[in-house]
Amino acid sequence: MVEKQTTGHHVDRSICAWFWHQYNHHRNNDQMSVVTSPTHYLFPLIRHGIIFLACTQLELPPLLPIEFLSRFADILSDYLCAGSGAGATLNEDIVKDNFVIVYEVLDEMMDNGFPLTTEPNLLKDIVLPPNLVTKVLHAVTGNSSPSVGPTLPHAAASTVPWRSTHPKTTTNEVYVNLVEQLDASVNRDGNLRRCQVYGEIQVNSSLPGFPDLTLSFTNPSLLNDVRFHPCVRFRPWESSQVLSFVPPDGHFKLMTYRVKELKKIPIYVKPQLTSDSGNCRISALVGVRNDPGKTIDSIIVEFQLPPCITSADLTSNHGTVDILADKTCRWSIGQIPKDKLPSLSGNLVLEPGLDRLHVAPTFQVRFKIMGIAMSGLQIDKLDVKNMPANPYKGFRAQTQAGDYEFRS
Amino acid sequence: MAPPVSTPKSASPSQPSGKSEVTDLKLQLRQLAGSRAPGADDAKRDLFKRVISCMTVGIDVSPAFSEMVMCSATSDVVLKKMCYLYVGNYARCNPDLALLTINFLQKDCHDQDPTIRGLALRSLCSLRVQNLVEYLVAPLAAGLKDHSSYVRTVAAIGVLKLYHISATMCHDSDFPAALKALMLSDPDAQVVANCLYSLLEIWTQDAANSDEAAREIEALYGKSIIYYLLNRIKDFSEWAQCLVLDLVSKYIPSDNNEIFDMMNLLEDRLQHANGAVVLATIKVFLHLTMSMTDVHQQVYERIKAPLLTLVGAGSPEQSYAVLCHLHLLVMRAPMLFSSDYKHFYCQFSDPSYVKKLKLEMLTAIANESNTYEIVTELCEYAGNVDVPIARESIRAVGKIALQQYDVNAIVDRLLQFLEMEKDYVTAETLVLVKDLLRKYPQWSHDCIAVVGNISSNSIQEPKAKAALIWMLGEYSQDMMDAPYVLESLVENWEEEHSPEVRLHLLTAVMKCFFKRAPETQKALGAALAAGLADNNQDVHDRALFYYRLLQYDVAVAERVVNPPKQAVSVFADTQSSEIKDRIFDEFNSLSVVYQKPSYLFTDKEHRGPFEFSEDLSNLAIGGDSGDDVIHSAQRYEENDKDLLLSTSDKEENGGPTHNGSSTYSAPSDVNSSTSLVSSSTTQPAAFAIDDLLGLGVLDTPALPPLPALSLNAKPVLDPGTFQKKWGQLTVSSSQESTLSIQGVASLTAPQSLIKHMQNNSIQCIASGGQPPNYKFFFFAQKEGSSSFFLVECIVNTASAKAQIKIKADDASASDAFASLFQSALSNFGSS
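Protein chains in written order, with the UniProt record's numbering: chain A, 1 to 408; chain B, 1 to 831.
Structural data, given as structure tokens:
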């Protein structure tokens with residue numbers, strides 16, 4: 001438990017105990033958003049199994065604490081996980097090992113209950129992240145180098161607060177990554193009920209000096225609504241739908257967007273359930289529809305077995321079927337083979353006394369398609385100005401399933 | 001140096017090693033304290049880390065305070081930071097020892113490095129020890145003038161911290177003025193934002209006591225400052241933008257051009273990556289255009305897309321908060337969202353509270369064009385694994401049907417639900433079919449055919465059973481076996497646990513009797529006998545009532561129990577529109593998430609202290625509740641009026657419904673028409689009942705005795721006039737009265753007494769105080785005349801005494817009013 005009292009009113013730690021009790025109590029019916037305790041309003045945010053909790057007694061815009069907490073969680077994992085290798089996520093042990101860093105970061109991010117510095121680049125100038133180099137150094141020399149920057153960043157006074165003014169050794173490259181998430185629901189008759197795409201443009205920039213980038217799309221009219229990183233200039237977007245910006249250093253989210261209704265989905269599931277006299281036959285077929293032109297990877301079909309089922313016997317002709325502890329049935333398919341359609345079949349035994357299955361499970365599908373954005377959004381070109389040498393530019397695209405579900 | 005006594009708070013039993021560990025740490029710290037050896041800093045650093053880890057897991061390491069302070073004489077920044085952290089945590093419980101730290105903190109405030117200056121200043125201000133305040137002033141003043149913007153940002157917030165420790169010290173040093181100057185001139189946006197933040201809090205709290213602060217606050221909302229901030233809005237950090245936007249939303253522009261200028265300036269904020277900024281901007285837009293209907297509509301169109309994106313893209317916590325706001329807007333303008341219905345479809349992975357909101361929105365936006373789609377979708381949820389949601393969606397289908405779109409298809413679907421043979425689906429559907437039949441009697445044939453096939457034994461839920469029984473009674477002429485079904489139900493009277501069902505059974509048997517007397521006679525006899533023997537008072541009374549009615553005259557009984565009914569046109573809304581408007585005013589606040597205006601859930605003290613002074617000149621609320629302070633006095637009055645309106649509205653809504661047998665059958669909601677506004681008041685039968693009931697009611701002592709003096713139920717008096725009158729008039733009557741014990745018990749908040757007095761036609765214009773002392777100013781108006789009575793009432797809940805001072809326009813009536821007021825006061829809590 002890391003606590004930070006921000007205002008003069010002391011909030012007792014017991015509030016956490018109260019919250020924990022409530023949390024465990026309500027875990028099953030997930031009634032958690034803004035919680036009212038007898039004395040405070042609590043904003044819980046759960047990331048990687050760690051609960052971030054903000055308390056207030058005042059009326060305030062609810063998104064303020066929620067956004068702040070999620071920003072804090074992002075920054076913390078950025079700080080603490082970058083050093084411990086790729087793919088690491090925040091966990092209790094990491095936080096425990098780095099209490100001091102957590103306090104330092106929090107101290108800079110908030111003063112007296114009002115958010116202060118939340119730009120990762122700025123923060124990293126004030127509080128140095130514990131990276132591999134310092135760790136190695138520490139191990140070799142037994143000397144820990146200071147985790148605090150020697151000087152204050154002056155960017156705070158500059159017009160582009162997100163970009164640090166200290167020239168760092170850079171590799172002179174910029175990567176643009178389109179990541180899309182496809183949400184779709186298909187009803188039991190196989191009709192597409194809704195389908196939409198949320199996308200992000202992630203940029204990883206490592207450019208020296210003060211670069212000025214312009215990113216344009218071949219088909220910007222697809223976009224239904226967009227949100228920008230503060231570095232994006234609004235006027236050029238208004239007039240000609242191009243993104244003009246001075247990028248921060250490192251990894252950041254340039255833009256998030258939503259795309260209007262799509263009519264096509266890449267993959268389908270045909271579930272069938274028939275039940276009588278205490279048994280339920282289940283079968284499901286998975287296939288590709290509207291071939292996207294790239295391989296569809298890591299396909300997983302999941303569904304929740306209804307509570308009234310006592311035992312299940314499921315087999316598939318491709319991939320593996322597991323039944324997890326919480327009665328989730330997971331069918332890992334991977335890629336769809338060329339010669340056959342993957343199918344799952346089996347028998348479910350209902351609770352004694354039940355004749356027919358009354359509830360219909362929903363099949364959720366997860367997959368990944370590399371190299372294509374399902375919305376059809378395409379990057380036209382990326383111009384870099386204000387640069388001594390032409391940098392290396394890299395583009396990637398990826399689509400993954402979000403809430404992709406088939407009802408039965 | 002004796003170690004301070006440890007606070008019992010953190011002597012946790014789960015950390016048995018805590019004590020020895022602390023002693024150990026102390027010892028080691030002591031050894032290192034004076035050391036200037038080359039490796040000492042590293043050793044200290046490790047020790048400090050251990051101390052802080054202990055502190056974080058809840059071990060009380062405050063005994064090591066003096067050792068920590070001794071070790072803190074260092075040039076190492078990391079050590080300093082850890083030390084500040086430690087000191088900040090424990091200074092409050094060791095004020096004496098905290099004095100030790102002042103020295104090195106003050107020294108650090110003059111350090112070369114701005115980081116250290118800033119950190120030291122922040123820690124110094126965070127000590128929050130009363131007797132150290134004097135040491136704060138000089139470093140703060142220097143900090144505000146520091147050439148590093150980092151130090152200035154820290155100092156700006158530091159002033160606020162000082163204010164909270166000692167407001168007078170803050171004012172004596174003239175810090176607010178310095179902050180204001182800094183706010184208007186500093187090149188660094190973060191400094192400006194922090195100054196603004198501090199000033200807002202300081203002046204809002206002061207506004208109650210000082211005119212000057214109130215004027216300053218007013219100036220903050222004035223054109224020049226608002227424009228200054230707006231022009232720099234892009235420089236601010238996202239959080240500061242939220243603060244500024246919140247300020248702007250309270251600004252009242254002088255003309256339409258100004259409004260459009262502001263909106264053009266802020267338009268791109270809608271595309272900010274931070275949801276809080278987007279929502280704050282939306283609030284500004286909505287408030288600016290409140291008076292321009294057509295532009296207001298355009299604003300809805302404009303903000304739709306960002307909101308929908310926010311819902312879909314954020315974390316579940318964010319999306320819920322945004323969804324609540326969207327819900328509010330959808331409820332206000334369902335038409336505008338009718339083409340976006342697909343966004344409100346539920347996802348399997350949505351948490352159930354999100355699904356619930358979405359269902360409500362789908363219900364609201366259903367219209368001719370999309371009903372088919374929406375109902376098809378809702379019907380799919382009926383098979384949902386999540387039973388509460390399945391129920392909720394069936395209810396939603398019913399509500400859409402009641403909105404009169406595409407009823408034909410919906411009735412068919414509802415009837416299909418009945419064939420699904422799931423207990424809860426059948427139960428929900430029955431309740432709905434019953435409601436539908438009340439609105440669309442023309443569908444009775446189709447429905448009855450299906451409902452007739454349902455076995456009453458298979459239904460367990462009281463509400464559904466009551467609905468089925470109501471239909472059996474109402475349509476007994478069309479259902480062949482109705483009398484026999486009812487008869488078997490009567491036979492199982494003992495096993496029926498819900499009084500609601502038994503009440504309905506009585507009424508249904510009566511209705512059936514009037515239509516098919518020979519077949520039902522036996523069941524009726526049994527039902528009346530069982531009802532008379534029933535333990536439940538309501539059931540017993542109703543049985544007795546029916547019995548005597550039948551004895552008196554069967555024809556009259558029929559007119560009473562089974563009058564011809566008119567179809568229900570509108571079902572009453574549960575939340576009054578005033579409340580909805582108020583929530584809308586508080587857009588982008590917790591009110592929206594709770595779906596309640598803030599005065600219903602925040603404590604008074606956190607809404608802002610509503611101070612009350614004798615001459616009423618400073619009626620104002622302050623604090624951070626976000627209420628407009630300039631207009632607070634009027635606002636507050638509106639607030640009270642809202643309360644008044646909403647309660648009296650409810651009564652008005654409720655008024656006409658209390659007709660027919662429904663007044664009598666208070667617990668029922670099926671029989672004819674509780675909970676709905678029906679037009680059947682005009683029915684002669686209903687009059688008959690009113691008379692009958694009137695006889696009964698007259699004897700009951702529930703109504704207070706009518707006094708000779710009657711008061712205007714809704715007098716209007718603004719605070720200004722009240723104040724003037726109060727000054728002009730002399731006290732005509734001064735009394736002391738005693739409160740009943742129940743009254744004291746229910747006076748946990750001023751609001752309860754205010755409501756009670758409103759019910760007695762005495763309005764509250766202002767109230768304040770903390771338990772046990774409350775102070776109220778009431779007023780009332782004589783019916784049919786313009787003469788007012790003004791009352792000052794000071795209640796002490798500890799002694800249960802109330803001191804009343806009355807001033808009256810018409811002094812002759814003041815005694816009558818005084819006794820009326822006293823009787824109202826003494827009734828408080830008992831009614």
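Heads up, the beta-carbon is just placed ideally off N, CA and C, and yes, glycines get one too.
My output table needs one value for residue i: the three-state DSSP class, helix, strand or coil.
i, result
"G473 (chain B)", "helix"
"T256 (chain A)", "strand"
"M263 (chain B)", "helix"
"D386 (chain B)", "coil"
"T171 (chain A)", "coil"
"P518 (chain B)", "helix"
"V61 (chain B)", "coil"
"G371 (chain A)", "coil"
"Y345 (chain B)", "coil"
"F817 (chain B)", "helix"
"I621 (chain B)", "Residue confidence for I621 (chain B) is low, a pLDDT of 33 falling below 50, so the modelled location carries little weight and cannot support an answer."
"V248 (chain B)", "helix"
"T797 (chain B)", "coil"
"Q318 (chain B)", "helix"
"Y198 (chain A)", "strand"
"F612 (chain B)", "With a pLDDT of only 31 at F612 (chain B), under 50, the local geometry of the prediction cannot be trusted, and no value is derived from it."
"F395 (chain A)", "strand"
"L132 (chain A)", "Bear in mind that the predicted position of L132 (chain A) carries a pLDDT of just 44, short of 50, making it too unreliable to give a figure here."
Is it buried or exposed, residue i, if we count other Cβ atoms within 10 angstroms and call 16 or more buried?
i, result
"Y381 (chain B)", "buried"
"Q735 (chain B)", "exposed"
"N390 (chain A)", "exposed"
"N453 (chain B)", "exposed"
"K724 (chain B)", "exposed"
"Y636 (chain B)", "Reliability of the predicted coordinates at Y636 (chain B) is poor, the pLDDT of 39 falling under 50, and no value is obtained from them."
"N386 (chain A)", "exposed"
Is it the case that the Cβ atoms of residue i and residue j are separated by a distance below 8 Å?
i, j, result
"T399 (chain A)", "F303 (chain A)", "no"
"D113 (chain B)", "S149 (chain B)", "no"
"G275 (chain B)", "E67 (chain A)", "yes"
"A780 (chain B)", "Q803 (chain B)", "no"
"I394 (chain B)", "V425 (chain B)", "yes"
"I267 (chain A)", "R289 (chain A)", "yes"
"Q297 (chain B)", "A240 (chain B)", "no"
"I369 (chain A)", "D297 (chain A)", "yes"
"residue 835 (chain B)", "L119 (chain B)", "Because chain B is modelled from 1 through 831, residue 835 (chain B) falls outside the range shown and cannot be assessed."
"L739 (chain B)", "F828 (chain B)", "yes"
"C242 (chain B)", "P61 (chain A)", "yes"
"A527 (chain B)", "V554 (chain B)", "no"
"P563 (chain B)", "R516 (chain B)", "no"
Comparing the C-beta of residue i with each C-beta of chain D, is any distance below 8 Å?
i, result
"Q271 (chain B)", "Given the protein chain composition of this structure (A and B), no chain D is represented."
I think residue i touches residue j, with their Cβ atoms under 8 Å apart; what is that distance to the nearest whole Å?
i, j, result
"L254 (chain A)", "H229 (chain A)", "5 Å"
"V102 (chain A)", "I50 (chain A)", "With 8 Å as the limit, V102 (chain A) and I50 (chain A) do not qualify as a contact, their Cβ atoms being about 11 Å apart."
"L127 (chain B)", "A98 (chain B)", "6 Å"
"D225 (chain A)", "P306 (chain B)", "6 Å"
"S316 (chain A)", "Y345 (chain B)", "With 8 Å as the limit, S316 (chain A) and Y345 (chain B) do not qualify as a contact, their Cβ atoms being about 30 Å apart."
"E377 (chain B)", "R193 (chain A)", "6 Å"
Members of the segment 405 to 418 of chain B near chain A, C-beta cut-off 9 Å: none
Interface residues of the segment 171 to 198 of chain A facing chain B [CB-CB below 8 Å]: D183, S185, N187, R188, R193, R194, Q196 and Y198
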